[in-house]
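Numbering of the sequence shown is given in full-length UniProt numbering, commencing with residue 1 and proceeding in unit increments.
Quick reminder that beta carbons are idealized off the backbone N, C-alpha and C, glycines included.
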Amino acid sequence: MQSFDYIIVGQGIAGSLLGYQLIKAGRRVMVLNDESIPTSSAVAGGIFNPITGKNLDKTWLADTIFPYFKTFYLSLEKETHSHFYHETNLFRPYANEQQRKHFLRLTDEFDLDKYISLVKPDRYSEIENHLGGLYTTSAGWVDVPLMIESLRQLFIQSEAYKAERFDYKALDISDTQVVYKNFQASKIIFCEGYYASQNPYFNWLPFNPAKGETLIATMPDYSITEIVNQGTWIIPLGSEQCRFGSTYVWNSLDWQTTPESKETITEKTDKFLKTSYTITHQQAGIRPTTKDRRPFLGNHPAYSNVFVFNGLGTKGVSLAPYFASELLFFLENDKDLLPESNIRRFYSLYSL
Ligand SMILES: Cc1cc2nc3c(=O)[nH]c(=O)nc-3n(C[C@H](O)[C@H](O)[C@H](O)COP(=O)(O)OP(=O)(O)OC[C@H]3O[C@@H](n4cnc5c(N)ncnc54)[C@H](O)[C@@H]3O)c2cc1C
């Protein structure tokens with residue numbers, strides 16, 4: 001029997017960053033991850049953006065979590081000798097005169113200077129931007145698959161990783177420990193993203209999963225280094241590749257790509273993109289979105305050594321570093337979790 005402080009199930013963004021922070025804190029960790037199933041982290045655009053939507057809404061906790069994850073990702077890049085953190089402005093060309101006026105009014109009214117700067121008309125030749133637009137600063141994207149692979153290598157070197165599908169029936173929970181096959185640990189933390197729906201301990205949490213698809217395009221004549229977003233986004237990946245996305249579908253939750261999604265994304269992109277492109281790949285994923293749009297962290301209502309880190313929704317890249325650290329302090333020092341993130345808010349939904 002091998003002994004650990006923590007067993008973590010799942011190595012998407014949630015399990016990766018929590019596992020990493022626990023190992024850094026000197027804890028013995030075993031990450032069990034099924035590498036054979038599709039995951040949300042594998043197809044994420046990876047965008048972080050403090051100001052989003054039609055009404056320039058500020059991302060929840062932006063002033064706290066954005067500086068936190070910047071320091072975190074830069075230090076993780078150094079430690080893993082990989083480059084996955086790409087900070088760049090996000091350009092939103094005005095779609096029409098009405099939107100230009102609306103955005104300018106909101107920028108004035110809500111004092112968004114810290115995160116927004118105005119861009120003059122016709123800054124770029126590859127896209128339609130004759131009215132100008134906005135830059136969201138402090139934005140960018142994380143190459144999530146690369147980050148996860150770098151952390152997997154680190155876990156493997158630390159003998160903290162096993163590629164295995166977790167079998168819930170093989171888990172034995174007592175007051176003082178959990179035992180799973182030949183692993184014994186003080187605590188177990190479930191981080192399975194959308195697959196939590198198959199987890200008998202946490203399938204009662206109110207998820208509202210959203211399927212999404214993205215496209216990879218080759219664009220030899222495109223030289224914009226900023227992310228562009230006008231109802232749909234273009235992320236420059238380098239080497240003449242860009243990612244286009246994404247769609248939101250709540251009623252057909254499978255991992256298959258569809259011609260309809262491809263058409264939706266290309267139609268929206270063609271409205272502002274003037275450069276030719278060739279679509280080379282299409283990917284689908286299911287976001288672990290929640291009904292109240294806040295993450296799920298905390299302790300199982302009936303088992304004191306069973307925990308969850310999930311519900312990162314559409315913002316895994318921005319939320320995961322900060323909330324992995326919050327969960328660590330909760331596990332190790334009994335520090336209270338933010339009530340909006342603590343699954344205690346849904347304990348009334350649980351029945352034995
Ligand atoms: C199309 C699309 C675009 C997106 N764009 C962005 C974006 O621009 N910015 C952003 O921040 N977020 C984005 N997201 C959201 C982001 O992908 C998620 O927030 C994040 O990846 C969730 O991570 P996770 O670790 O919770 O889940 P996942 O990435 O799904 O990881 C779960 C892990 O658990 C493992 N697992 C599950 N069940 C078991 C089991 N029984 N045994 C062992 N292992 C198991 C899986 O193999 C997987 O590795 C996007 C998502 C989609 C689908």
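- Taking the Cβ of R165 as the reference point, at least one heavy atom of ligand 1 falls within a distance shorter than 7 Å.
- Under a 10 Å Cβ-count criterion, S223 is classified as exposed, with fewer than 16 other Cβ atoms of the shown protein chains found around its own Cβ.
- In this structure, L154 lies away from G132, with their beta-carbon atoms at least 8 Å apart.
- With a threshold of 7 Å, the Cβ atom of K315 counts as near ligand 1, since some heavy atom of the ligand is closer than that.
- The straight-line gap separating the alpha-carbon atoms of V228 and D143 is approximately 17 Å.
- When distances are taken from the beta-carbon of P200 to the heavy atoms of ligand 1, even the shortest one reaches 7 Å or more.
- For L104, the shortest C-beta to heavy atom distance toward ligand 1 is 7 Å or greater.
- The C-alpha of P145 is placed about 21 Å away from the C-alpha of Y248.
- Relative to the non-hydrogen atoms of ligand 1, the Cβ of A14 comes within a distance shorter than 7 Å of at least one.
- R152 sits in a helix when the DSSP states are folded into three classes.
- The beta carbon of H83 lies closer than 7 Å to those of E77 in the same chain, with the five residues before and after it left out.
- Exclusion of C242 from the 7 Å shell around ligand 1 follows from its C-beta lying no nearer than that to any non-hydrogen atom of the ligand.
- Per DSSP, N333 is one residue of the alpha helix (DSSP H) stretching across 316-333.
- Beta-bridge annotation (DSSP): R287 is paired with A210.
- Rounded to the nearest whole angstrom, the CA to CA distance from G45 to I235 is 8 Å.
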